[in-house]
Amino acid sequence: MTLTELEGKLIGKGDYTHGQGQAAWGHLAPLVSELAFDRARATLLLRAQKSVQPESW
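Position 21 of the sequence shown, counting from 1, maps to 21 under the working numbering, and the rest follow consecutively.
This is the structure:
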């Protein structure tokens, strides 16, 4: 989930205003890093995860 998606969910539900969201993100920004999505790596990790899970999962 991206910060934009998270902000949209919180503001969209009416829990926070846009200004409140921006103020909170300002404090969290030094703790967060955004990475480019690597589709090939994500696919590899998902396949590896599925191969070790029991069939009942």
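Ideal Cβ positions, reconstructed from N, Cα and C, are used throughout, including at glycine.
For L6, the enclosing alpha helix (DSSP H) starts and ends at L3 to G12. In its chain, beyond the 5 residues on either side, E7, L10 and I11 have a beta carbon closer than 7 angstroms to the beta carbon of G21.
Rounded to the nearest angstrom, the gap between the Cα atoms of A29 and L3 is 10 angstroms. For K50 and R39, the gap between their C-alpha atoms comes out near 16 angstroms.
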